[in-house]
Structures are given as structure tokens and as C-alpha cells.
Amino acid sequence: TKVINTLYGGMVTTNNDGLAEKIKIIHDRSSFLSKRQLKKMCRTFLFEFPLFRPSLYWFGWFLYRVAYKLGFIFRFDDELKTSKPEGYPYPARISAFQAKLGISQLQNLDQNLKHRRKLGLELEKRFNWLGGVLSSDNSNHSYLRYSFLVKDPKSFIDRFRVNFELGIWFQSVAHGRKSEFDKIGYQVGSCPIAEKVVRHIVNFPTHESIDIEFLLEKLDKYSAEICDNLKFNERP
Numbered sequence: 033t034k035v036i037n038t039l040y041g042g043m044v045t046t047n048n049d050g051l052a053e054k055i056k057i058i059h060d061r062s063s064f065l066s067k068r069q070l071k072k073m074c075r076t077f078l079f080e081f082p083l084f085r086p087s088l089y090w091f092g093w094f095l096y097r098v099a100y101k102l103g104f105i106f107r108f109d110d111e112l113k114t115s116k117p118e119g120y121p122y123p124a125r126i127s128a129f130q131a132k133l134g135i136s137q138l139q140n141l142d143q144n145l146k147h148r149r150k151l152g153l154e155l156e157k158r159f160n161w162l163g164g165v166l167s168s169d170n171s172n173h174s175y176l177r178y179s180f181l182v183k184d185p186k187s188f189i190d191r192f193r194v195n196f197e198l199g200i201w202f203q204s205v206a207h208g209r210k211s212e213f214d215k216i217g218y219q220v221g222s223c224p225i226a227e228k229v230v231r232h233i234v235n236f237p238t239h240e241s242i243d244i245e246f247l248l249e250k251l252d253k254y255s256a257e258i259c260d261n262l263k264f265n266e267r268p
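Those letters in the sequence shown? Residues 33 to 268, by the working numbering.
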């Protein structure tokens with residue numbers, strides 16, 4: 033789904049020299065992940081890369097969950113933690129394997145973004161969710177996903193599950209957490225717009241492996257129904 037994915041880790045870019053120096057100090061003091069962790073990370077990539085292609089997505093998710101339960105792949109579920117988990121390996125230096133993975137994707141970045149923008153603009157033509165936002169600024173949207181709000185995300189996704197894998201990202205203002213917000217210093221109601229968005233957000237994927245014509249052909253059959261669900265008059 034991500035524009036560039038190195039599993040766990042990446043790089044930081046900043047125009048703040050002071051911040052860059054602080055990050056460099058943290059990097060220089062960090063060690064690499066253990067060989068065991070790196071092997072699990074490599075296995076994770078070998079699982080995700082072929083199995084999460086559109087043609088194998090549903091079966092791939094099943095195998096991924098099985099592999100995770102067996103401890104075969106690398107994953108951290110630390111969103112609900114309020115303190116550093118025991119044995120947590122980060123911050124850590126990015127491995128050579130991850131660096132090569134990232135560099136190979138950087139070389140394809142222009143084509144990747146071109147695909148996402150083409151699909152994103154085609155979706156916008158049909159649903160007009162963003163409205164005048166795209167023409168009101170000088171940005172060039174990269175469309176990590178095409179996100180919009182609907183009345184009832186769960187029923188909306190269940191309705192189209194057979195044809196599309198729709199994502200419900202960011203279901204909480206603090207990712208993964210549904211309650212006990214006070215433990216992380218968040219006061220419920222302090223960000224009402226964000227809280228409304230996470231209750232209604234749904235998104236279409238824009239990944240480069242998606243066949244644009246195939247997706248649009250499917251979507252056109254349900255265009256009226258999808259538009260009816262969009263909360264055009266209730267934007268936050």
C-alpha cells in the first residue's frame with residue numbers, strides 16, 4: 033500500500049540543520065537488529081511481496097495471519113503500549129537488505145506516483161469528494177489512498193467486499209487504541225474533526241499493481257450507490 037516500503041525503517045529528510053544533527057546522533061548511537069530479527073524481516077518481505085498482489089490478496093492475508101501466529105514473520109503490535117515494550121529493538125540502524133529494497137523503489141518512484149495520480153484523478157472525476165480542494169492549492173497529491181467519508185463504513189465495506197478490498201485506516205485518533213486515551217495524555221473531544229473522520233473514513237487503494245481500467249470498470253457499476261453514501265454535505 034505504501035508508496036515506498038522498507039518494512040520497518042526508512043530515512044528522514046529535513047531542511048532543519050539542528051534537527052538533522054540530532055537525528056544523526058541517534059542514528060550513530062543505534063545498533064543493527066539481531067540476525068534473528070533480520071531473518072524474520074526477510075521472510076516477511078518474501079510473504080508480502082508475492083502474496084499481497086491483487087490476484088492473491090485474499091489467500092495472502094490468510095497465510096500472513098497464520099505465519100504471524102507461528103512467529104514466522106516480523107511484526108510489532110506496540111500501539112497500545114504506554115511504555116517501551118521489553119526487548120524493543122528500536123531505534124536501530126536500517127539493514128543493508130532494507131536499504132537495497134528502498135533504493136530499488138526510489139528508482140521507480142516517478143512511475144509509481146504517476147500511476148497513483150492517474151487513478152486518484154479518475155476516482156475524483158467519478159466521486160468529486162475532494163471538490164475544489166485540488167485546484168485551490170499548488171500541491172500535487174500523491175494519493176497514498178483515495179480516502180472519503182461515508183455514513184456507515186462497516187456496512188459500506190461489507191456491501192462491496194466481494195468486488196473490492198476497501199481499507200478502513202485510522203479508526204482512532206491514536207492508532208490502534210479504542211479506549212483509555214487518558215493513559216497517553218489525550219483528552220476525548222479535544223480534536224473533534226479528527227474524531228469524526230475516524231468514525232466515517234473509508235479508502236480505495238491506489239497501489240501500482242492495481243489495474244486501473246479493471247478497477248474503474250467495476251466501480252462504474254456501483255458509482256451511483258457509492259456517491260449516495262458519500263457525506264458531501266457533512267464534511268468535518
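Glycine residues also receive a C-beta, built at the ideal position from the N, C-alpha and C atoms. All values derive from a computational prediction rather than experimental measurement.
Specify, as a first and last residue, the run of the alpha helix (DSSP H) that residue i falls within.
{"i": "Ile58", "result": "49-61"}
{"i": "Pro117", "result": "Here Pro117 belongs to no alpha helix (DSSP H), and DSSP marks it neither H nor E."}
{"i": "Arg148", "result": "141-159"}
{"i": "Asp260", "result": "255-261"}
{"i": "Glu80", "result": "67-83"}
{"i": "Leu102", "result": "Looking at the DSSP string, Leu102 is not in any alpha helix (DSSP H), and its letter there is neither H nor E."}
{"i": "Asp184", "result": "That residue, Asp184, is in no alpha helix (DSSP H); it is neither H nor E in DSSP."}
Could you give the residue range of the beta strand (DSSP E) that holds residue i?
{"i": "Asn235", "result": "233-237"}
{"i": "Ser211", "result": "Where Ser211 is concerned, there is no enclosing beta strand (DSSP E), given that its DSSP letter is neither H nor E."}
{"i": "Leu181", "result": "177-181"}
Are the CB atoms of residue j and residue i within a distance shorter than 8 Å?
{"i": "Phe202", "j": "Phe180", "result": "no"}
{"i": "Tyr218", "j": "Ala206", "result": "yes"}
{"i": "Ile244", "j": "Leu102", "result": "no"}
{"i": "Leu198", "j": "Asn235", "result": "yes"}
{"i": "Thr38", "j": "Ile105", "result": "no"}
{"i": "Thr238", "j": "Tyr178", "result": "yes"}
{"i": "Ser174", "j": "Leu145", "result": "yes"}
{"i": "Ile55", "j": "Leu138", "result": "no"}
{"i": "Leu112", "j": "Arg193", "result": "no"}
{"i": "Gln69", "j": "Pro121", "result": "yes"}
What are the residues that DSSP puts in a beta bridge with residue i?
{"i": "Phe64", "result": "Arg125"}
{"i": "Gly199", "result": "Asn235"}
Does the CB of residue i have a neighbour CB from chain D at under 8 Å?
{"i": "Glu118", "result": "The displayed structure is made up of one protein chain only, and chain D is not part of it."}
- Query: Below 8 Å, can you find three or more Cβ-Cβ pairs linking the segment 59-76 to the segment 132-142?
  - Reply: no
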